[in-house]
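Note that my numbering has the sequence shown beginning at 367, numbered continuously upward.
Using N, Cα and C, we set each Cβ at its ideal position, and we do this for glycine too.
If you're wondering where the values come from, they're calculated on a predicted model, not measured in any experiment.
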Amino acid sequence: MRSILKLMWANIRRGKGSFKGIIILMMLMTFSFSGTVSNNDRLREAREQKFADAGVSDLMVNIYDDILTDEMLSSATEHPAVSSVTVNEALFFSTAVQINGEDNNMWFSLRADDGDTNVFTEDGNSFREDASLSDGEIYLPYKLRLAEGFEVGNELSLRTHSGYDEKFIIKGYYEDILTGATTMGWNYCVITPHDFDRIKSEKADKLGGESVCVLKVDWLHINAKDGISCTELRKQLSRDTDLISSANNAMTRDYFTDSIEMYSRVGTRSVGIFVMLLTIVMLITMYNSLAASIDLDRTELGILKAEGFTAGQISLVYILQYVTALTLGGIAGILVSVPACRYLIGAWKNITGIMTDTGVSYLKCGGLCAAMTAVSTVFILIATSKISRISPVRAISGNISDAHFDSRLDLPIHARPLSFFLALRQLGSRKKSYIGTVLIVTMLVYFVVSIMILAGGLDTDNLFYTIGGEIELTDMGGLNMSETDGIEAEIQKTDKNAFIEYSCRHNMLLDGESVMVHAYRAAQEVFKPEEGRAPKYDNEIMITRNVSEQLGKKIGDTITVKYKDSETDLIITGYFQTVWDFGYLSVMTTDGIKRSGLDEIYEAYIRLGDPSKREEVTDMLNEKYKGRLEASAFENSAYAEAYSKIVNTLMHSLTAAMYSVLLIFAVVIVNMVCKRAFIRERTDIGIYKAMGFTAGALRTQFAVRFTIIAVIGAALGCIISVFFSRKMITYILHVVGLTDFTSANRPLTFILPAIAISACFFAAAYISSRKVKTVEVSELISE
């Protein structure tokens, strides 16, 4: 064993480039894997623990207090599938808040402090020991820390029917484990029980009144009996009671889990595919490096066999060498991951709003290293199988075929450009030795192109597009769709091209399944159909593919829509996709949703033909419809902008990280491949020098050859990307609701990665061949 270890150490010392290269590649793989998997594990552990501590129920139903009847409540409590029902109160404010007296396009709801509120410290890395709250103070969910204007100490004003008379000082940010993720549209804030009861008793309005500013909302926390899933519980309550069809929302425990873990799952899928790619590339690189080493060391290996070493012992030397490199690389990757995870997981709190541990998943990282070692061992055994065929006598006599110009294609060589034609001739003579390199380039280019397609196709402006305009209508007090025609006619007296955009939305039952239904009156389509067409008539509906799978219905089928006491049959006209509600959404016409029993407008805006008349139109509306609605200049939602910024930052960071890893990976691989090729061809280089070639010309020829290889691999990578990139991206993004990722495939999307990888190969090959200057013609004498 000692002799084997000595041989291994000698191999490592002589082939330092390959040894270091494998260490770097393994470190990059472990680092990429560790960051995402550790973040996912810590988030899941924290979420599960916090859900258990808080006793999060199987189903949470959000319903207006004015709609909830004793009969609905008793039907849920006495249902055979239900084990318990708990009711918690909240207050919903229908008007955007003010910060320090300035309008802010954000809506809030309030709940009373229950004494178990976890409030973040100023640095956000721990919780305060003293989380007490006084009257006139308010805690905001942690995600609002990113929104402009919501700093601690600022005054937050909430509007009631008496005006913006409910004023609170922002005291801090708390951990909202249910609705605190940026993927959730609610902003539940915490005030003292005294303030909450006072507002509820003195300021709460009746649903459907002329001026509705504050509404009482009930949250029903329903637990299922053993053996009944949360989804099945909702389905049974939908079928047997009117509670679900009358509620604003009916969300399962799984829904909140998905909201919290959505982006981490996207990251895990992305990095999983990324690490798989890097693993294949590294294995090919190892195989090529090992095969080249055996070819170059045939004489030494023959001598070892003549001295009594078996083929198995020699294979063991290579196995130990590469296992050592993989182990060191894995350890280095884990060590780098420790500070990286501390930063990454800490920053992820801005998305989830949940405090988590920041430790590395050592067992999974160790498992990755062990799996890589096992797979590499198999590859090494395959690559070293040729050692058994090495004859000591022939190896010692130097009977090695090194004919680089034995090409079946018999490619001609022209004087101009000589380097190019020599490179082609060399490629044709040793095609098998370059197959692995071509595969490596193909996969690198494929993944880079896929990243560019993903980054180019995720347009957050379109992804999160909703209706809007220059003027926003609020305090509508249950404004009905039929009333907008008269309002629009008044506006058009000032601006004849003005147009009212509005939306209606509510949770409804589609064939017994709870699904959010939207309807829009808008200047442009909010959701474009990807198959079929958008609904035109009041008996039509468009659904997502997720809803189609949930209901088992396709285009042309009829579904029954139930809302409160109303039931209507609608025909499915098409499919669309959206990230809202994780892709579980449907769209009707405004006439269709009115026919289904919903006539109230959820949000309304005025899109002006002449924006200069905004102030005039606003004043007219506030004067003519005083007490019925309020018009104000519309500004983009600060929260929506913050959310969009988070998504953009997340995507750009992920893209930049993958580009960086791929770049380093490519440089290391190219350097390893080129160095090995250079060592193999020292004799040929000596011959070229004897024929009068200069060192500069030989270096250029060497670099051109590998550039041609890169161009071939890049072309294959681009072709594969055309057929498979979209499918891979759709798989990654399916968890957010996108079922058919589409993106305009611009030529630059494919050209730039091909040029970048090819240039990288040229530069690395040219640098690796710098030792051409050290090759002397006298070396040929020994041959």
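Handout entry: Exposure of Tyr950, with buried meaning 16 or more beta-carbon neighbours within 10 Å
Key = The residue you call residue 950 lines up with position 584 of the sequence shown. The residue in question, Tyr950, is buried, as its Cβ has 16 or more Cβ neighbours within 10 Å.
Exercise for the section: Specify the secondary structure class of Ala1056 as computed by DSSP and reduced to three states. Expected result: Against the sequence shown, residue 1056 aligns to sequence position 690. DSSP places Ala1056 in helix when its eight states are reduced to three.
Handout entry: Proximity below 8 Å, CB of Ala1080 to CB of Ile1123
Key = As a first step, residue 1080 is located in the sequence shown; it is residue number 714 there, counting from the start. As a first step, residue 1123 is located in the sequence shown; it is residue number 757 there, counting from the start. Contact: yes.
Handout entry: Reduced DSSP category for His1100 - H, G, I as helix; E, B as strand; rest coil
Key = Here residue 1100 is taken as the residue at index 734 of the sequence shown, counted from 1. Helix, per DSSP.
Practice task
Find out if the Cβ-Cβ distance for the pair Gly1103, Phe948 is shorter than 8 Å.
Solution key: For the purposes of this step, residue 1103 is identified with residue 737 of the sequence shown, where counting begins at 1. For the purposes of this step, residue 948 is identified with residue 582 of the sequence shown, where counting begins at 1. In this structure, Phe948 lies closer than 8 Å to Gly1103 by Cβ.
Problem - Sequence-distant residues of the same chain with beta carbon closer than 7 Å to Ile646, five excluded per side - result: Counting from one through the sequence shown, the residue named residue 646 turns up at place 280. The residues are Met809.
Handout entry: Same chain, Cβ closer than 8 Å to Leu686, neighbours up to 5 away in sequence not counted
Key = Translated into positions along the sequence shown, residue 686 becomes position 320. Hits under 8 Å: Ile370, Leu371, Met374.
Practice task
Tell whether a beta-carbon distance below 8 Å holds between Leu476 and Asp584.
Solution key: Taking the first residue of the sequence shown as position 1, residue 476 is located at position 110. Taking the first residue of the sequence shown as position 1, residue 584 is located at position 218. Contact flag unset, no.
Exercise for the section: For the region 860-876 and the region 969-976, state whether three or more C-beta atom pairs, one from each stretch, are separated by less than 8 Å. Expected result: yes
Handout entry: In chain order, each beta strand (DSSP E) run of at least 3 residues that lies wholly inside the region 487-543
Key = 503-507, 521-526, 529-540
Problem - Proximity of Cys707 and Thr396 at Cβ, strictly below 8 Å - result: Mapped onto the sequence shown, residue 707 falls at position 341. Mapped onto the sequence shown, residue 396 falls at position 30. No; because the gap between Cβ atoms is not below 8 Å, this pair is not in contact.
Exercise for the section: Let me know the secondary structure DSSP gives Phe745 once reduced to three states. Expected result: Here the question's residue 745 lines up with position 379 in the sequence shown. The answer is helix: DSSP assigns Phe745 an H, G or I state.
Exercise for the section: Check the DSSP bridge columns for Gly319 and list the partner residues they point to. Expected result: The shown model of the chain, from 367 to 1149, leaves out residue 319, and the question about it has no answer.
Exercise for the section: Quick one: using the 10 Å Cβ neighbour count with 16 as the cut-off for buried, is Glu1001 buried or exposed? Expected result: Here residue 1001 is taken as the residue at index 635 of the sequence shown, counted from 1. Exposed.
Problem - Three-state class that DSSP yields for Glu838 in the structure shown - result: Here residue 838 corresponds to residue number 472 of the sequence shown, with the count starting at 1. Three-state result, Glu838: strand.
Exercise for the section: State yes or no: is the C-beta of Ser384 within less than 8 Å of the C-beta of Ala590? Expected result: As a working mapping, residue 384 is identified with position 18 in the sequence shown. As a working mapping, residue 590 is identified with position 224 in the sequence shown. For Ser384 and Ala590, no; Cβs fall outside 8 Å.
Practice task
For Val463, name the three-state secondary structure that DSSP assigns.
Solution key: Residue numbering aside, residue 463 sits at position 97 when the sequence shown is read from its first letter. Coil, per DSSP.
Handout entry: Whole-angstrom distance between Ile921 and Asn912, CA atom to CA atom
Key = The sequence position of residue 912 within the sequence shown is 546, counting from 1. The sequence position of residue 921 within the sequence shown is 555, counting from 1. So the alpha carbons of these two residues sit roughly 13 Å apart.
Exercise for the section: Go through its chain and collect everything with a Cβ distance to Met882's Cβ below 6 Å, but skip five positions before and after it. Expected result: Here residue 882 corresponds to residue number 516 of the sequence shown, with the count starting at 1. Cβ within range, chain order: Asn873, Asp947, Leu951.
Exercise for the section: For Glu1149, count neighbouring C-beta atoms within 10 Å of its own C-beta (all shown protein chains included) and say buried if the count is 16 or more, exposed if not. Expected result: Taking the first residue of the sequence shown as 1, we reach residue 1149 at position 783. Unreliable positioning characterises Glu1149 in this predicted model, as indicated by a pLDDT of 46, which lies under 50. The coordinate reading is nonetheless provided below. Looking at its Cβ environment, which holds fewer than 16 other Cβ atoms inside 10 Å, Glu1149 is exposed.
Practice task
Express the C-alpha separation of Asp661 and Ala769 in angstroms, rounding to a whole number.
Solution key: The residue you call residue 769 lines up with position 403 of the sequence shown. The residue you call residue 661 lines up with position 295 of the sequence shown. Because Ala769 sits at a pLDDT of 41, beneath the cut-off of 50, its placement in the model cannot be relied upon, and the point is left open.
Problem - Terminal residues of the beta strand (DSSP E) in which Tyr886 lies - result: Counted from its first residue, the sequence shown places residue 886 at position 520. Here the beta strand (DSSP E) through Tyr886 covers 879-887.
Exercise for the section: Look at the alpha carbon of Glu666 and the alpha carbon of Leu682, and state the distance between them as a whole number of angstroms. Expected result: By 1-based counting over the sequence shown, the position of residue 666 is 300. By 1-based counting over the sequence shown, the position of residue 682 is 316. Their Cα atoms are separated by approximately 16 Å.
Practice task
Give every residue of the same chain whose Cβ lies closer than 6 Å to the Cβ of Leu643, excluding the five residues on either side of it in the sequence, and list them in chain order.
Solution key: Against the sequence shown, residue 643 aligns to sequence position 277. Result list for Leu643: Met809, Phe813, in chain order.
Handout entry: Those runs of the alpha helix (DSSP H) which lie wholly inside the region 964-1003 and span at least 4 residues
Key = 980-990
Problem - Closest Cα partner of Tyr941 within the set Phe1059, Met954, Met1038, Cys1126 - result: If you number the sequence shown from 1, residue 941 lands on position 575. Of the candidates Phe1059, Met954, Met1038, Cys1126, the one whose C-alpha sits nearest the C-alpha of Tyr941 is Met954.
Handout entry: Backbone secondary structure at Cys579 - three-state DSSP
Key = In the sequence shown, the residue the question calls residue 579 occupies position 213. Of the three classes helix, strand and coil, the one that applies to Cys579 here is coil, per DSSP.
Problem - Alpha-carbon to alpha-carbon, Asp1106 and Glu896 - result: Translated into the one-based positions of the sequence shown, residue 896 becomes position 530. Translated into the one-based positions of the sequence shown, residue 1106 becomes position 740. Going from the Cα of Glu896 to the Cα of Asp1106 covers about 8 Å.
Exercise for the section: Please list the segments of the beta strand (DSSP E) lying wholly inside the region 406-446, counting only runs of 3 or more residues, in order along the chain. Expected result: 425-430
Exercise for the section: Under the assumption that Leu312 contacts Ile1051 (Cβ atoms under 8 Å), give the Cβ distance between them as a whole number of angstroms. Expected result: Here the chain covers residues 367 to 1149 and nothing more, so residue 312 does not appear.
Exercise for the section: Excluding the 5 residues preceding and the 5 following Val1101 in the sequence, name in chain order all residues of the same chain whose CB lies nearer than 8 Å to its CB. Expected result: Here the question's residue 1101 lines up with position 735 in the sequence shown. For Val1101, where only same-chain residues beyond five positions count, the Cβ hits under 8 Å are Asp624, Met628, Arg631, Val632, Arg635, Phe948.
Exercise for the section: Rounded to whole angstroms, what's the CA-CA distance from Ile907 to Ser914? Just pull it up for me. Expected result: Counting from 1 along the sequence shown, the entry for residue 907 is found at position 541. Counting from 1 along the sequence shown, the entry for residue 914 is found at position 548. Spanning the two alpha carbons is a distance of roughly 12 Å.
Exercise for the section: Quick one: using the 10 Å Cβ neighbour count with 16 as the cut-off for buried, is Phe1072 buried or exposed? Expected result: As a working mapping, residue 1072 is identified with position 706 in the sequence shown. Buried, because 16 or more other Cβ atoms sit within 10 Å of the Cβ of Phe1072.
Handout entry: Exposed unless 16 or more other CB atoms sit within 10 angstroms - verdict on Arg525
Key = By 1-based counting over the sequence shown, the position of residue 525 is 159. Looking at its Cβ environment, which holds 16 or more other Cβ atoms inside 10 Å, Arg525 is buried.
Exercise for the section: Go through its chain and collect everything with a Cβ distance to Asp957's Cβ below 8 Å, but skip five positions before and after it. Expected result: Walking along the sequence shown from the start, residue 957 turns up at place 591. Counting only Cβ-Cβ distances below 8 Å, and skipping sequence neighbours, we find Tyr903, Asp904.
Handout entry: Every unbroken beta strand (DSSP E) within the region 639-694, with a cutoff of 3 residues, ordered by chain
Key = none
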